[in-house]
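Residue numbers (this note's numbering), protein chains in the order written: chain E, 1 to 638; chain G, 1001 to 1638.
Glycine is no exception: its CB is placed at the ideal position from the N, C-alpha and C atoms.
These numbers come from a predicted model, not from an experiment.
Protein chains: 2
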Amino acid sequence: MTKTESQEANAQKPGVVDTRLGPHFRLQSVPIGAVRMGEGFWRPRMQANVREGIPTFLRLMEEHGVVDNFRRAAGRSDAPFRQGSFGSESDLYKWLEGAAFALQSEDLPELRQTVDQIIDDIAAAQEADGYLYLGTLSSAGPPRERFSNLARSHELYCAGHLMQAAIAHYRATGRDQLLHVAIKFADYLTQEFGPGKREQTDGHPEIELALIELFRTTGEQRYLELAGFFLGLPQSLENLPPIAERPALVGHCVRSGYICAGGTDWYAETGDDKMWRNLLHLWHDLVTGKIYVTGGVGARYQGEAFGEPYELPSARAYAETCAQISHVMWAWRMLLVTGEARFADTIERILYNAFLSGVSLSGTEYFYRNPLASDGGVERQPWFGCNCCPPNVHRTLGSLPGLIFSTSAEGLWVHLYDACRASLTAPDGSTVELAVDTRYPWEGVIDITISPERAQDFALFLRIPGWTSEARVSVNGEAAAGAVQPGGYHEVRRRWEAGDRVRLVLTMPARAVESHPRVAETRGCVALMRGPVVYCFESVDNVQVDVADLVLPLDAADPGGGFEGEWQPDLLGGVTVLRGPALSPAPSHAPGPLYRPYGSAPPPTMRKTDVTAIPYYAWANRGDSAMRVWLPVAQEAG
Amino acid sequence: MTKTESQEANAQKPGVVDTRLGPHFRLQSVPIGAVRMGEGFWRPRMQANVREGIPTFLRLMEEHGVVDNFRRAAGRSDAPFRQGSFGSESDLYKWLEGAAFALQSEDLPELRQTVDQIIDDIAAAQEADGYLYLGTLSSAGPPRERFSNLARSHELYCAGHLMQAAIAHYRATGRDQLLHVAIKFADYLTQEFGPGKREQTDGHPEIELALIELFRTTGEQRYLELAGFFLGLPQSLENLPPIAERPALVGHCVRSGYICAGGTDWYAETGDDKMWRNLLHLWHDLVTGKIYVTGGVGARYQGEAFGEPYELPSARAYAETCAQISHVMWAWRMLLVTGEARFADTIERILYNAFLSGVSLSGTEYFYRNPLASDGGVERQPWFGCNCCPPNVHRTLGSLPGLIFSTSAEGLWVHLYDACRASLTAPDGSTVELAVDTRYPWEGVIDITISPERAQDFALFLRIPGWTSEARVSVNGEAAAGAVQPGGYHEVRRRWEAGDRVRLVLTMPARAVESHPRVAETRGCVALMRGPVVYCFESVDNVQVDVADLVLPLDAADPGGGFEGEWQPDLLGGVTVLRGPALSPAPSHAPGPLYRPYGSAPPPTMRKTDVTAIPYYAWANRGDSAMRVWLPVAQEAG
């Protein structure tokens, strides 16, 4: 294909979410293949994902029988059935979707061939009527009846991930073998489930958004209707009302993110106002009381669940990697519906912090939980009893090029900033080439060169992150008209000609952030941020002190606490560290009574010391360590 | 019996723990029946326990089939077997022990008769070889094999509570029907378990301390040996090393308290140094990082478990009532071994706060968890899915008269202060009558009249609580010699004559207590205490403010924050409340962003307001409410 043909093909392709027909999408998502990552922040991580993470995890799945289970079901193997956690086949489906996203970005013949073989085994395992679920093969007992334990079996959850994998693979390759498997299964489900038929749903949502994406892919209205049917049911496992009626974010965070994403898809296609109003209400609940400064979601181990508003413990944060991912899924759909920057701000908060912390710099080891403090013993693992997180990381990293831009009838939207080249579709259907050059998130200068196929009028919407205190936009060296407001999209509307240069400068000093006074655990504390990146103090960088005792001497006149960024190309894959002053008690706080009369102990002698903070996402990559995101602020005259 | 005969009988009776022969007990425990509670703090609660709590809970156990299960096993009933949680028969055994303790205090013919009937049903349910466990009767499936799921079945846990109930009943009444059931079961266990036999133990400790008490009661050495065998095994359910080797307090708090109590019993009988050294080490772990200011034990819902040191969340405190009780059991044994006041201080901290909060003022409703903060919706219940706590409350309240005093070769010990009369045994074996008159814990004046049968020399050891800043002791109006040091026993050694009067005055202003700086959740906060009583702010007393927003304006010069005690005879059964000044933001903190730049928000306008604190144990007795134990200290010049 020539470049122009490729552009045209891309223009007709859907993005991560197919927004082309949904009447309530304000924005159109951009095909993954339309964006080519440059020498920026994300490409090394995406390469580690494709070159190390994806093949290593497939090898582990083969070792643990996850793929053999399909071969056995297909009669192609005598390997014993090996039961992982409920629905472990979903791990393979998510992995497949991740591989398919990678294949949307670049042609990787070996991976393409491996994927084709696995798809062939999956297809062969499908039963004649379309049903496909391996949980019934457990050697521990007789085959269980289909759908007999939907609360826990993950049958529909697996079906949903199968559908998403099939769609991603179809979009990547045009091959439809897996898509037909998914369609056959979906057709079977439409026969089995619905009003007057089985009136139950899965304990773990996923089928809803998958069916809607399958509807978008096939045009088959019944899939949308079935998704709506499932969305209208209460969640029996946790005894929660349907998502359109849920009064607050409660229960299992991953499930919550998935069902909210599905609900948003439903709104986008149907305009269901009740659903939309409640999604906005639940979003407010999330961002005003239930999300960590890192973008982590989930305060409680018990039930892997949301806590009460402001219940955000640091060391006991659950913040499951999958929960962060499911909230990116939700936020992305909210953004596509509204074009409001607050949703992109949350995506950014999650991606650079509690999502990315979920994977090692090597790309092969994963956090399930992402705490904000540790006294040691917290390490990433290559494999888990429940492996939901690793392949969710694979597919999220694979999808990233699709989350950077959108288009709309008004023009082009830039949500995330990273070095890349993109071929986008202008409102008139012609192609616009964008070149983004930036060292973001380490530097706040973003240069965008815009080359429309033909000169024309449209708007360029640049997200101005809510975290910045000052932003400037210039076009071809001249300051753009109008105030640039953080927390929204700055619209540059003009007649664009090939080679027009837009420069966005975001002021990016180190800054101390405090939490709402009702967050008991971080009262009187601050976290350091620079740009979208949350920092932490890791013991390996601060061996002269105990990070559990550190306090920061701040005053309101210096909101950055005297911390300065310093680029370290050889540290942790290249990071900007923050260096600055802290106080540490001498001796350490560790001994001493647990309770004592207020004011009875003399204030400890505090020693000033220079400390180093690293990006939170990069911690725990250098062996066992202690870590703190939040540090108390030193009180004047203790 | 004449009074003198009663005294002699008591002198030969064991207390809650039979310390008479254990070579490593420094102190002797005093029979429950030797102490008659007066018009003090505990008697109304013990009366509510005997008159309301115990009969109401028996009625509920009958309604739920807990007693019928025994009748069915005995062939005396056709009622269907009704499975509660694992080992629900232990609820009945603990209830029986509580009833038996009550019968040690006073003759209650109706209760005695009810108890005898229940014992008859239990005895009839015992199998011919001595085995007695109802879990195998589940109608859900075929009878399970004995001891086939010890990690979860609670078979030995139930056996232990049966033994303790039998011993208490024997001590109360001299009747030995249940004791013979226990002995027969214990004999069966010695045949089944031990080196070269079944080498496993129960997932929930209890059998260890029960067997040792049965050894003390019968003199049968094999029971002690079997207890030692069980104590030497790892705890398989939670994968924990034997208690003598456990490096820290981890895992399920109730189980931990029980096994530590059993380990202390083992040390008292055998002098096992390794056990003792580790018990002291674990105690240190408890009091320096893992016990709430209320005496609550257990930071985590997940596993009902200890957290890391300093992990003490308030609203999410688990602090199961049974965990507090098990730590009283442990502390009591540590006290009997050592005569060290720190153990009695912890007993006091627990009893007046996070133990007593476990039961309503009515005596009939119970907390399973005892959080230190709530935004509402936390209510005591009369019945639970797992009913371990209510009968544990019954037996602990019943045992209280036995925890007030001890004796030793040196003299008499007073651990807890409450109005009562006691007949204790002097070192020469003669009787000493003690009369304690006090309004403790509301007032710090304790008058003790000592009347030995014959004038003689011995020491009176008075616990001087660690919480007091000043204590004075006088005898017959003259200040006693020697400094009175808080945190120890003050020894008054003299020739005692009938009618000698000792007065102990403990200074008891309201005081603000702070926690160790590493307790993240209460950093910068204080809790108010007065004497041993921890206070809290409940919304019902402070309707003009939101207790979630309150801060206390303290300075080091006024450690009580301006709070004054005020006796309220008609409030909550009679309590001393604390009244004083607090600050409240106007408007409330509730709205506002979750994260913001440090110092970016103007300090809220703080309104001064008078607030009322009530004893923590009494909260949630007046309908749904919000509550806080810890409040932030207002920072000067915000």
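If you draw a straight line from the C-alpha of residue i to the C-alpha of residue j, how long is it?
{"i": "G:P1142", "j": "G:G1135", "result": "Residue placement at G:P1142 cannot be trusted, given a pLDDT of 47 that sits under 50; what the coordinates show is reported in the next sentence. Their backbone Cα atoms lie some 11 Å apart in a straight line."}
{"i": "E:S362", "j": "E:R622", "result": "11 Å"}
{"i": "G:A1536", "j": "E:D570", "result": "Looking at the sequence shown, residue 1536 of chain G is not Ala but Cys. So the two alpha carbons sit approximately 53 Å from each other."}
{"i": "E:V640", "j": "E:G257", "result": "Since the displayed chain E opens at 1 and closes at 638, residue 640 of chain E lies outside it and no answer follows."}
{"i": "G:A1100", "j": "E:V297", "result": "51 Å"}
{"i": "E:T425", "j": "E:T346", "result": "26 Å"}
{"i": "E:A48", "j": "E:G573", "result": "11 Å"}
{"i": "G:L1460", "j": "G:R1493", "result": "6 Å"}
{"i": "G:G1561", "j": "G:A1512", "result": "7 Å"}
{"i": "E:E365", "j": "E:S584", "result": "33 Å"}
{"i": "G:L1631", "j": "G:V1540", "result": "17 Å"}
{"i": "G:D1272", "j": "G:A1186", "result": "23 Å"}
{"i": "E:N149", "j": "E:T507", "result": "54 Å"}
{"i": "G:S1427", "j": "G:P1014", "result": "As written in the sequence, residue 1427 of chain G is Pro, which differs from the Ser given in the question. Those two C-alpha atoms are separated by around 16 Å."}
{"i": "E:A168", "j": "E:C260", "result": "21 Å"}
{"i": "G:Y1292", "j": "E:N387", "result": "36 Å"}
{"i": "G:Q1028", "j": "G:V1035", "result": "14 Å"}
{"i": "G:C1525", "j": "E:R45", "result": "43 Å"}
How far does the beta strand (DSSP E) with residue i in it reach, from first residue to last?
{"i": "G:V1421", "result": "Checking the sequence shown, residue 1421 of chain G turns out to be Arg, not Val. From DSSP, the beta strand (DSSP E) with G:R1421 extends over C1420 to T1425."}
{"i": "E:H490", "result": "G488 to W496"}
{"i": "G:M1037", "result": "V1035 to M1037"}
{"i": "E:W630", "result": "W630 to P632"}
{"i": "E:L528", "result": "C525 to R530"}
{"i": "E:M606", "result": "T605 to P615"}
Thinking C-beta only, is residue j closer than 7 Å to residue i?
{"i": "E:I450", "j": "E:W413", "result": "no"}
{"i": "G:D1549", "j": "G:S1600", "result": "no"}
{"i": "E:L249", "j": "E:F306", "result": "yes"}
{"i": "E:Y157", "j": "E:E127", "result": "no"}
{"i": "G:H1024", "j": "G:Y1310", "result": "no"}
{"i": "E:P517", "j": "E:S105", "result": "no"}
{"i": "E:V611", "j": "E:A582", "result": "yes"}
{"i": "E:G295", "j": "E:R222", "result": "no"}
{"i": "G:T1576", "j": "G:W1442", "result": "yes"}
{"i": "G:V1050", "j": "G:A1102", "result": "yes"}
Please report the residue range of the alpha helix (DSSP H) in which residue i lies.
{"i": "E:C386", "result": "Taken as a continuous stretch (DSSP letters only), E:C386 belongs to no alpha helix (DSSP H), as it is neither H nor E."}
{"i": "E:D273", "result": "D273 to D285"}
{"i": "E:L211", "result": "I207 to T218"}
{"i": "G:R1171", "result": "E1155 to T1173"}
{"i": "G:I1054", "result": "I1054 to E1063"}
{"i": "E:Q47", "result": "W42 to A48"}
Original post:
Which residues, in chain order, does the region 1519–1544 of chain G contribute to contact with chain E at a C-beta distance below 7 Å?
Top reply: A1520, E1521, R1523, G1524 and V1526
Original post:
Listed in chain order, which residues of the region 1306–1326 of chain G have Cβ atoms closer than 9 Å to some Cβ of chain E?
Top reply: G1307, E1308, P1309, Y1310, E1311, L1312, P1313, S1314, A1315 and R1316
Original post:
Is the number of C-beta pairs between the region 1092–1109 of chain G and the region 1391–1409 of chain G that are closer than 8 Å three or more?
Top reply: yes
Original post:
What residues in the region 1582–1601 of chain G bring their beta carbon closer than 9 Å to a beta carbon of chain E?
Top reply: P1585, H1589, A1590, P1591, G1592, P1593, L1594, Y1595, R1596, P1597, Y1598, G1599, S1600 and A1601
Subject >> Within 8 Å of chain E by C-beta, residues of the region 1274–1306 of chain G in sequence order >> reply: V1287, T1288, G1289, I1291, V1293, R1300, Y1301 and Q1302
Original post:
Counting Cβ pairs, one atom from each stretch, are 3 or more of them under 8 Å apart for the region 356–370 of chain E and the region 612–626 of chain E?
Top reply: yes
Original post:
Residues in the region 1507–1519 of chain G with C-beta within 9 Å of chain E's C-beta atoms, listed in sequence order?
Top reply: R1511, A1512, V1513, E1514, S1515, H1516, P1517, R1518 and V1519
Subject >> Positions along the region 603–629 of chain E whose CB lies within less than 7 Å of some CB in chain G >> reply: none
Subject >> Any 3 or more C-beta pairs closer than 8 Å across the region 202–220 of chain E and the region 155–175 of chain E >> reply: yes
**OP:** Report the residues of the region 227–254 of chain E with a CB closer than 8 Å to any CB of chain G, ordered along the chain.
**Re:** none
**OP:** Could you tell me whether the region 1114–1122 of chain G touches the region 1185–1199 of chain G, where touching means 3 or more Cβ pairs closer than 8 Å?
**Re:** no
Original post:
Name the residues in the region 1370–1388 of chain G whose C-beta lies less than 8 Å from a C-beta of chain E; which are they?
Top reply: A1373 and D1375
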